[in-house]
Amino acid sequence: MHLHDSAPPGRGIYCNRTLNMRSIKVVGYDMDYTLVHYRVHWERRAYDHLKQRLLGRGLPIEQLTFDAKLVVRGVIIDTHRGNFLKTNRFGYIKRAYHGTTLIDHARVRQQYMRRIVSLRDSRYHFMNTLFALSEGCMYAQLVDMLDAGKLGEHALGYQDLYELVRDNINAAHTEGELKTEIMRDPAKYVVLEEDTVLTLLDQKHAGKRLMLITNSEWSYTLAMMRYAFDRFMPTRQTWRDLFDVVIVAARKPHFFDNQSPLLEIVDDDGLMRPLTGALKPKHSYFGGNAVALEQHLG
Numbered sequence: 282m283h284l285h286d287s288a289p290p291g292r293g294i295y296c297n298r299t300l301n302m303r304s305i306k307v308v309g310y311d312m313d314y315t316l317v318h319y320r321v322h323w324e325r326r327a328y329d330h331l332k333q334r335l336l337g338r339g340l341p342i343e344q345l346t347f348d349a350k351l352v353v354r355g356v357i358i359d360t361h362r363g364n365f366l367k368t369n370r371f372g373y374i375k376r377a378y379h380g381t382t383l384i385d386h387a388r389v390r391q392q393y394m395r396r397i398v399s400l401r402d403s404r405y406h407f408m409n410t411l412f413a414l415s416e417g418c419m420y421a422q423l424v425d426m427l428d429a430g431k432l433g434e435h436a437l438g439y440q441d442l443y444e445l446v447r448d449n450i451n452a453a454h455t456e457g458e459l460k461t462e463i464m465r466d467p468a469k470y471v472v473l474e475e476d477t478v479l480t481l482l483d484q485k486h487a488g489k490r491l492m493l494i495t496n497s498e499w500s501y502t503l504a505m506m507r508y509a510f511d512r513f514m515p516t517r518q519t520w521r522d523l524f525d526v527v528i529v530a531a532r533k534p535h536f537f538d539n540q541s542p543l544l545e546i547v548d549d550d551g552l553m554r555p556l557t558g559a560l561k562p563k564h565s566y567f568g569g570n571a572v573a574l575e576q577h578l579g
C-alpha cells in the first residue's frame, strides 16, 4: 500500500466549482453508493421485494420485471401526471416520458407550457440516488398498466399510485429483510474498490478529519464497511480508524434541521446509551442532528 503526497487522478476529489481544499478541515461521506458501491443485483432485489409487497396487496403484476435501463438518477417524477421529467439546471423540461412512453415536444408544451419545475412543489419527486431506480421502474410500469386499465379494482390516481409504491419501497428498506439478504452474501452485491480506501487514507495523511454519516442502521453499516474496507486497510487497522465520527440512522435530510438526540453505540452488537458530554473521536453514534455535530467539530 502506497500513500501519495500528490494523489493520482483516480484518488482525487472533483467538484463543479473552484474549491481550495486547504481551507477544508473536515470531509463528510455517505456510505451507500458513495463509499460502498453496489452491483445492479442490489436494485433488482429491492424491486423484487417491492413487487412481492404489492402482490400481497392484490395488484396483478406477476409479469413485471426489473429493467435497470428504464430510469436514471436525476430524473424528476411528476406524481400528478405520472410523468418522468428531465430538466436543465434552470428547471426547464428538456424531455419527458409518461410511464415508459416518450412524450412528444408539442404535448410537453401543452401540459407544462413554460413552467419551471420546482422541487419545492410536493407534486415533484427528485430521483437523486441510485436507490430510487427500483422505485422509478415500478412506478413507470404501473402508470402504463393504469392507463391500459389493467389494474382493475386497484386503479388509483397517479399520485395515489406513486404513494403506494413509495410507501412499500420504504417498508422494504426499513423492515430489514432486504438488507439481511445483502449481508448474507455481500460478494454478490458489493463492488470492491481499493482506491476508495486509499483516497480516504490520502486525506487522513493530509490532515483531514473524516466523518461517515449514513441513513443505514448500525448492523448493516458495520457489515458493509468491514467487507468493503477492512481488506484494504493497513495492518492492524480497520475502517473505523479512518473516521473521527461515525453516525448511523441519521435520517438525512432531516438530520440537518431537527434536534434528535445522539445515542452512543458502545459495542458491535449495537448496544446504545444516551450520550453524556462531548462526542468522542473514533466513536460511533445513532441518530442525532447537524447542530450537535457542528458543536463537536468546533
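Under my numbering, the sequence shown has 306 at position 25, and the numbering climbs by one with no breaks. A virtual CB, placed ideally from N, CA and C, is assigned to each residue, including glycine.
Whether residue i touches residue j by CB criterion (9 Å)
i    : j    : result
L473 : R292 : no
L423 : H330 : no
G558 : R532 : no
L491 : Y310 : yes
K489 : R521 : no
M312 : S497 : yes
M505 : V317 : yes
G364 : H379 : According to the sequence displayed, residue 364 carries Asn and not Gly. Closer than 9 Å, so yes.
K332 : M426 : no
G417 : I358 : yes
A452 : R554 : no
I528 : Y566 : yes
E471 : L414 : Glu is not the amino acid found at residue 471; the sequence shown has Val there. For V471 and L414, no; Cβs fall outside 9 Å.
I463 : R326 : yes
A573 : D538 : no
G355 : N301 : no
Y328 : F412 : no
R320 : N449 : no
T360 : R404 : yes
D466 : L503 : no
L523 : L560 : no
T519 : D525 : no
H322 : K485 : no
L578 : K306 : yes
Q391 : R362 : no
According to DSSP, residues forming a beta bridge with residue i
i    : result
L366 : I357 and A377
F567 : V529 and L544
H577 : Looking at the DSSP assignment, H577 forms no beta bridge with any residue, so it has no partner.
H406 : I358
D313 : V317
Secondary structure of residue i, DSSP reduced to three states
i    : result
P586 : In the structure as shown, the chain starts at 282 and stops at 579, and residue 586 therefore has no counterpart that could be examined.
R401 : coil
V308 : strand
R298 : coil
F371 : coil
L383 : strand
G291 : helix
R388 : helix
R303 : helix
C-beta neighbour in chain C for residue i, strict 9 Å
i    : result
R292 : Judged by its chain identifiers, the structure shown contains no chain C, having just a single protein chain.
Report the residue ranges of all alpha helix (DSSP H) runs contained in full by the stretch 409-457; include only those spanning at least 4 residues, in chain order. 413-428 and 439-455
At 3 residues or longer, and completely inside the stretch 320-356: list those beta strand (DSSP E) runs for me, N to C. none
Taking contact to mean 3 or more Cβ pairs, one atom from each stretch, closer than 8 Å, check whether the stretch 440-451 and the stretch 417-432 are in contact. yes
Complete alpha helix (DSSP H) runs within the stretch 458-531 (minimum length 4 residues, chain order): 458-465, 467-470, 475-486 and 499-510
Do the stretch 337-350 and the stretch 392-399 make contact, defined as three or more Cβ pairs closer than 8 Å? no
Counting pairs of beta carbons, one from the stretch 507-519 and one from the stretch 543-553, are three or more of them closer than 8 Å? no
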